[in-house]
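Every position in the sequence shown, counted from 1, becomes a number in my numbering once 1221 is added.
Backbone N, C-alpha and C define an ideal beta-carbon position, used for all residues, glycine too.
This report concerns only the one structure given below.
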Amino acid sequence: MASVLMPSIIEDKLRPHAKETLEAVKRFVEEECIPADTVFEAQLSTHPDQRSKSMPPILEDLKQRARQLGLWNLWMHSHLEEGPGLTNVEYTLMCEIMGRSLTLAKYGNEQQKMEWLRPFMDGKVRSAYVMTEPTVAASDAESLALEMRREGNEYILNGV
């Protein structure tokens, strides 16, 4: 398991199936998902109104490949036949690999990197995603609303 960074206190608590799945997730992300980034970018619509709505075919290819490798719906509990039956600790280690993102490093401007990326890298701040919608009974990412308006050289974002 040396190829996956893991606290030693956890390693001996992982079942063999979880260790194998963790290695498979790491290989899939590094050998298939990350290299697919350039294909994804090339397949995105170049039309400004359609870019955020376009669904590059590479995503469906990766979904199908994840299913073939037994890496689909890893979060699902063993109560369902399709569930791999991972514990929360086992699944969390996989989430760490699947959730790696270079968004701020790749797309942030220098001010954003200084304000957010550097403190994050130094362990002084944490990242989180929180959402709630007043008109939705449960949080639903597809129902989020955001208003954007330009004021001078800046954009004001107001989420409702």
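Asked, Found
"V1237 classed as buried or exposed, judged by whether at least 16 other C-beta atoms fall within 10 angstroms", "For the record, residue 1237 in the displayed sequence is Pro; it is not Val. The residue in question, P1237, is exposed, as its Cβ has fewer than 16 Cβ neighbours within 10 Å."
"contact_flag[the segment 1337 to 1344, the segment 1264 to 1276] where n(CB pairs < 8 Å) is 3 or more", "no"
"Straight-line Cα distance separating M1319 from M1227", "15 Å"
"Enclosing beta strand (DSSP E) for M1369 [first to last residue]", "L1367 to E1372"
"Opposing strand residues paired with N1330 [DSSP bridges]", "According to DSSP, N1330 bridges with nothing at all."
"Whole-angstrom distance between L1292 and E1241, CA atom to CA atom", "11 Å"
"Distance between I1230 and Y1312 (C-alpha atoms, nearest Å)", "16 Å"
"Nearest neighbour of E1368, chosen from N1374, N1379 and E1375 [CA to CA]", "N1379"
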